[in-house]
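Participant:
There are 2 protein chains.
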Amino acid sequence: MSPTRAEQRRQTESRILAEARLLFAEVGFDRTTIRAVAKAAGVDAGLVMHYFGSKDELFARAVERAAAEPVDGDVADTMLASLAKRLEAEPVASLALLRSMLTNADAADRYRTAGEAQFGQISAAIPAADAGLRASLLGAIVHGVLIERYLLRFGHLAEASPEQIIELLRPCFRALAAAPES
Amino acid sequence: MSPTRAEQRRQTESRILAEARLLFAEVGFDRTTIRAVAKAAGVDAGLVMHYFGSKDELFARAVERAAAEPVDGDVADTMLASLAKRLEAEPVASLALLRSMLTNADAADRYRTAGEAQFGQISAAIPAADAGLRASLLGAIVHGVLIERYLLRFGHLAEASPEQIIELLRPCFRALAAAPES
DNA sequence: GTCTATACATCGATAGAC
DNA sequence: GTCTATCGATGTATAGAC
Numbered sequence: 001m002s003p004t005r006a007e008q009r010r011q012t013e014s015r016i017l018a019e020a021r022l023l024f025a026e027v028g029f030d031r032t033t034i035r036a037v038a039k040a041a042g043v044d045a046g047l048v049m050h051y052f053g054s055k056d057e058l059f060a061r062a063v064e065r066a067a068a069e070p071v072d073g074d075v076a077d078t079m080l081a082s083l084a085k086r087l088e089a090e091p092v093a094s095l096a097l098l099r100s101m102l103t104n105a106d107a108a109d110r111y112r113t114a115g116e117a118q119f120g121q122i123s124a125a126i127p128a129a130d131a132g133l134r135a136s137l138l139g140a141i142v143h144g145v146l147i148e149r150y151l152l153r154f155g156h157l158a159e160a161s162p163e164q165i166i167e168l169l170r171p172c173f174r175a176l177a178a179a180p181e182s
Numbered sequence: 183m184s185p186t187r188a189e190q191r192r193q194t195e196s197r198i199l200a201e202a203r204l205l206f207a208e209v210g211f212d213r214t215t216i217r218a219v220a221k222a223a224g225v226d227a228g229l230v231m232h233y234f235g236s237k238d239e240l241f242a243r244a245v246e247r248a249a250a251e252p253v254d255g256d257v258a259d260t261m262l263a264s265l266a267k268r269l270e271a272e273p274v275a276s277l278a279l280l281r282s283m284l285t286n287a288d289a290a291d292r293y294r295t296a297g298e299a300q301f302g303q304i305s306a307a308i309p310a311a312d313a314g315l316r317a318s319l320l321g322a323i324v325h326g327v328l329i330e331r332y333l334l335r336f337g338h339l340a341e342a343s344p345e346q347i348i349e350l351l352r353p354c355f356r357a358l359a360a361a362p363e364s
C-alpha cells in the first residue's frame with residue numbers, strides 16, 4: 001500500500017512545481033527564492049535543487065504549457081474567446097511568465113516564443129498589408145488587460161465580469177482584425 | 183570661474199539621476215545596483231548613497247515627473263495625441279516605472295497613483311454607465327503598447343511609425359470612449 | 001564634496017550525512 | 001528520498017578618512 005519511491009518523488013515534485021508557479025506569478029523570478037518554494041512545499045531547499053538542478057530549470061518547468069489553440073473562424077471572435085477563457089480561470093502559468101518577462105531575459109524569450117506561434121496564425125488570417133502590426137496590437141491589448149487585471153489588480157478591470165470586458169473589446173478587435181475597406 | 187560646491191553637487195546629482203533612470207528603464211529596480219549607477223555616472227557608490235540615502239529614494243527621484251495634461255476635447259483624440267507623443271520620444275522616466283511595476287511594490291504604487299489622476303478625468307469624460315471600465319481598458323491598451331514596443335521590443339510594434347499605430351488604434355479608442363448609443 | 005573600508009544580510013549552489 | 005552544513009558571490013548601507 002505504501003507508494004514506491006518513484007511515486008513519492010513524482011508527488012513531491014509536482015507539489016514543488018505548483019508552489020513555484022504560485023510564487024513566480026506573485027512576485028516574479030528574482031524575488032522568488034528556492035528557500036521560499038521549498039518552505040511552501042514543505043520540503044528542504046536542498047531537495048528542490050536536487051530535483052531541478054537550478055533555479056532556471058525550475059522556472060522553465062513551472063511555466064511550460066500546452067501550445068496555443070488554432071485560429072479557425074473569425075480572427076476577432078477567436079481571440080475574444082481565448083481571452084474570455086483566460087479571464088474566467090486565472091491562468092497561473094501564464095501569469096508567472098507575464099510577471100517575470102520585464103526583468104528576466106529567459107522569461108522574455110519564452111514569452112516571445114510562446115506568442116510567435118499564435119502571432120503567425122493571427123497575422124496570416126488578417127487580410128491587410130499591415131497584418132503584422134495589427135496582430136501585434138491585438139496581442140498587446142490582450143496582455144495589457146491581463147496585466148492590469150491579475151498582476152496589478154486595478155479596480156475596474158479586476159472586478160469586471162469577463163463578459164463585460166469582452167463586449168467592450170469586441171468593436172476594437174473587429175476594427176483591428178478587418179481590413180480598412182474590402 | 184570655478185563652480186561652487188553647490189553647483190558641483192547639483193551637476194553630479196543630475197548626472198547620477200540620468201544614469202539611474204536609464205538603468206532602471208533597462209533592467210528594472212532589482213537588477214539595478216547602486217554600484218552600477220555610480221560607475222555609469224563616473225562616481226563612487228558611497229557618494230550615491232550619501233546623496234540619496236537609499237536605493238528606494240534614488241528610484242523615487244528618478245521616476246518623478248510632471249502631472250498628466252488635462253483632457254479638453256474629445257477623449258479618444260486626447261488619449262491618442264498623448265500616446266503619439268510617447269511613441270515619438272521614448273519616455274525614459276515612464277519606462278523606468280513600467281519596467282519595475284510588476285516586481286516592485288513601490289513602483290506599482292507610484293504607477294497606480296500616476297494613472298489615477300488621468301483615469302479620473304478620462305472616466306468623467308466618457309458618457310456611459312460603465313465609464314470606469316472603459317477608461318481602464320483604454321489605459322491597459324496604452325500600457326500594453328508601450329510595454330511591447332519599448333520594453334520587449336517586439337518587431338512590428340517596435341518598428342512601426344507612431345502614425346501607423348495611432349491610426350490603427352483610432353477606431354478602438356473611439357469605440358471605447360463613446361457610449362454604445364447616444 | 002568625494003572616496004575607501006567594511007559590516008551585515010541573503011541567496012544560489014555544492015557536498016555529504018542519514 | 002530527504003535534510004544539514006557550508007562556500008562563494010553580491011548587494012545595501014554605514015563610518016570615517018582625505
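Quick note, the sequences are listed as chains C and X, same order.
Per this note's numbering, the very first residue in the first sequence carries number 1; after that it's consecutive.
Per this note's numbering, the very first residue in the second sequence carries number 183; after that it's consecutive.
Glycine included, each C-beta is placed from N, C-alpha and C at the ideal position.
For clarity, every value in this text was computed on a predicted model and none was experimentally measured.
1) Using a Cβ-Cβ distance under 8 Å, would S136 (chain C) count as near chain X?
2) When we look at the beta-carbon of T186 (chain X) and count the other beta-carbons within 10 Å, is it buried (16 or more) or exposed?
3) Write down every uninterrupted run of the alpha helix (DSSP H) in the stretch 39-70 of chain C whose length is 4 residues or greater and which is fully enclosed by it, in chain order.
4) Could you check whether the Cβ of F52 (chain C) sits closer than 7 Å to any heavy atom belonging to the ligand ATP?
5) Would you please verify whether the beta carbon of P344 (chain X) is less than 8 Å from any beta carbon of chain C?
6) Please classify Q11 (chain C) as buried or exposed, where buried requires at least 16 neighbouring CB atoms within 10 angstroms.
7) Is M79 (chain C) helix, strand or coil when you go by DSSP?
8) Under the three-state reduction of DSSP, which class applies to S182 (chain C): helix, strand or coil?
9) Using the beta-carbon count (16 or more within 10 Å), is A6 (chain C) buried or exposed?
10) Along the stretch 27-43 of chain C, what residues have a CB closer than 9 Å to any CB found in chain X?
11) Taking Y111 (chain C) as part of the alpha helix (DSSP H), name the residues at either end of that continuous run.
12) Is it the case that the stretch 259-275 of chain X contacts the stretch 324-338 of chain X, given that we only count it when at least three CB pairs across the two stretches are under 8 Å?
13) Could one say the Cβ of P3 (chain C) lies closer than 8 Å to chain X's Cβ atoms, at least one of them?
14) Along the stretch 301-325 of chain X, where does the CB come closer than 8 Å to a CB of chain C? Name the residues.
15) Would I308 (chain X) and A242 (chain X) qualify as a contact pair, given that the criterion is a beta-carbon distance under 8 Å?
16) For the alpha helix (DSSP H) containing T194 (chain X), name the first residue and the last one.
17) What does P184 (chain C) reach in chain X if we use C-beta pairs closer than 7 Å?
18) Helix, strand or coil for A278 (chain X), going by three-state DSSP, please let me know.
19) Can you tell me where the alpha helix (DSSP H) with E148 (chain C) in it begins and where it stops?
20) Measuring straight from C-alpha to C-alpha, what distance separates S182 (chain C) and R247 (chain X)?
21) How about R281 (chain X): is its C-beta nearer than 8 Å to some C-beta of chain C?
22) Decide yes or no for the touch test of the stretch 200-207 of chain X against the stretch 93-111 of chain C: beta carbon pairs closer than 8 Å, at least 3 of them.
23) In chain X, which residues lie less than 7 Å from F154 (chain C) when you measure between Cβ atoms?
24) What is the DSSP secondary structure of E349 (chain X), counted as helix, strand or coil?
25) Could you tell me if Y134 (chain C) is buried or exposed, where buried requires 16 or more neighbouring beta carbons within 10 angstroms of its beta carbon?
26) So is L138 (chain C) buried or exposed if we call it buried at 16+ other beta carbons inside 10 Å?
27) What separation, rounded to the nearest whole angstrom, lies between the Cα atoms of A287 (chain X) and I216 (chain X)?
28) If you follow the alpha helix (DSSP H) that L284 (chain X) is in, where does it begin and where does it stop?
Facilitator: Result, derived from the coordinates:
1) yes
2) exposed
3) 45-52 and 55-63
4) What this structure holds is no ligand at all, so the ligand ATP is not there to describe.
5) no
6) exposed
7) helix
8) For S182 (chain C), the pLDDT reaches just 45, beneath the cut-off of 50, and the residue's location in the model is therefore unreliable, leaving the point undetermined.
9) exposed
10) V27, G28, F29, D30 and R31
11) A105 to A125
12) yes
13) no
14) D312, G314, L315, R316, A317, S318, L319, G321, A322, I323, V324 and H325
15) no
16) R187 to R213
17) This structure gives no information on residue 184 (chain C), because the portion of chain C shown stretches from 1 to 182.
18) helix
19) First-last for E148 (chain C): undefined, no H or E at that position.
20) Confidence is the limiting factor: at S182 (chain C) the pLDDT is only 45, short of 50, which leaves the residue's position unreliable, though a coordinate-based value still follows. Taking the straight line from one Cα to the other gives about 45 Å.
21) yes
22) no
23) S318
24) helix
25) A quick correction: the sequence has Arg, not Tyr, at residue 134 (chain C). Label assigned to R134 (chain C): buried.
26) buried
27) 19 Å
28) Premise fails: L284 (chain X) is in no alpha helix (DSSP H) and is neither H nor E.
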